[in-house]
Every structure is written in C-alpha cells, then in structure tokens.
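Inspection log for the structure reproduced underneath, given as structure tokens.
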Amino acid sequence: MANVIIDLRSHRAWNPAHLTAPLIEWPTDLPLVEFGSVTAPLSADSTVVRGTPVITPGGLHPVRGGIRRRTRKYQGPVFQVHESGNALRPGDLLIPPNPDQPVILVSEAHLGALVSSSFLAVRPVSVDPLWLWAILNCQTGRTVRGLHSIAAKAA
C-alpha cells in the first residue's frame, strides 16, 4: 500500500472510508473461484476420549478468535496439529460451523493441540493463508459463510 497525503482542509467530514475510497484500487479483474478450488479439505487423524483437552468452536473468543478454553467433555474424532505433513499444520484454517465465530489460522503456537472435528479444516492450496483467513473473517466473509454454508459445501 502506498503512502498518500490527503489535504483535509477542503473536506467538511473527515471520514477515513470516504477520504481513502478513491485511492484504493481493488483487484476487479480477478476471476471468481469456488472455495473448493483454492483449498483442500483435511480429515481428522485421531480419536479422543472424555477427559482429553480439545479445542472446540465453543471455546473461541467471539471477536479475536483466540482460544479461551479447551473442553474435556468432547469425545470423538479430532485433528492434531503437526509441524508438517498431510495432517493439520501451521497455515491451515479451522472454520467453525457458526459463521458468527471467527476462523482460526493455525500457527506454531497450536503445535500438538487437539481440535474437534466439528471445525472444517482446510489447507489453502493456491492462495495466501493469511489473505484467505482475513477474507473469511471480515463482515462480508462471515455473511457469505452464513448464506452459503462453506463448511457444508466443502466437506
């Protein structure tokens, strides 16, 4: 993004969205693609019994997406975060079933964690993971997730 100086003396309102809108060049010539063409779904690679700490959608901070708590009540299939390989790893995305909950971008901080299979786990294959995470978490992305249920269609 380029640095731009805007002379505010001639503007009655200093609304940043209105002031900067003419300066932003959106990539309008990029083709629309289906979610499944830029991601690959991942499968759960383990199973846990009650008593094991597991990350579930209910344990996420509703705004920041951080993990507030892990449950020990979950039992069933899980993803385990690995350093590399075909299993869940840093750079992958965890999409909760509820579009009001934030998508998690898996990082090195999650290594070894167990994650409930109620998340849709995907690996971005032809797009930047951070870009896709941002798109899915913005207001428009959450709306689209709600309208089209990405989790159900990509599974």
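Per my numbering, numbering through the sequence shown is continuous, rising by one, with the last residue being 186.
Yeah, the Cβ is synthetic: ideal placement off N, Cα and C, and Gly gets one too.
8 Å contact criterion, which P130 and R173 should meet: CB distance rounded | Contact annotation, P130 with R173: C-beta distance approximately 5 Å; criterion of less than 8 Å satisfied.
Decide if the stretch 118-128 is in contact with the stretch 145-164; the criterion is three or more beta carbon pairs, one per stretch, under 8 Å apart.
-> Segments in contact, yes.
The beta strand (DSSP E) with P110 in it runs from where to where?
-> Checking the sequence, you will find Phe at residue 110 rather than Pro. Looking at the DSSP string, the run of the beta strand (DSSP E) that includes F110 is 107-111.
For E139, which of H113, G67, E65 has the nearest alpha-carbon?
-> If we check each option's Cα against that of E139, H113 comes out closest.
Which parts of the stretch 53-140 are runs of the beta strand (DSSP E), unbroken and 3 residues or longer, counting only runs that do not cross its ends?
-> Counting whole runs of 3 or more residues, the stretch 53-140 contains the beta strand (DSSP E) stretches 70-72, 77-79, 107-111, 124-126.
Return no unless some Cβ of chain C is closer than 7 Å to the Cβ of G143.
-> Looking at the structure shown, chain C is missing, and only one protein chain is on hand.
Distance between beta carbons of Q111 and P159, contact taken as under 8 Å = Just to set this straight, residue 159 is Asp in the shown sequence, not Pro. Not really, about 24 Å apart at Cβ, beyond 8 Å.
Is it right to say W164 is buried, meaning 16 or more other beta carbons lie within 10 angstroms of its own, or is it exposed?
-> Around the beta carbon of W164, 16 or more other beta carbons sit within 10 angstroms, so the residue counts as buried.
Taking 7 Å as the cut-off, decide whether the C-beta atoms of H92 and R99 are in contact.
-> Yes, the pair counts as a contact, with Cβ atoms nearer than the cut-off.
As assigned by DSSP and simplified to three states, the class of L163 = Residue state, collapsed to three classes: helix.
Enclosing beta strand (DSSP E) for V146 [first to last residue] | Counting along the chain, the beta strand (DSSP E) containing V146 begins and ends at 145-147.
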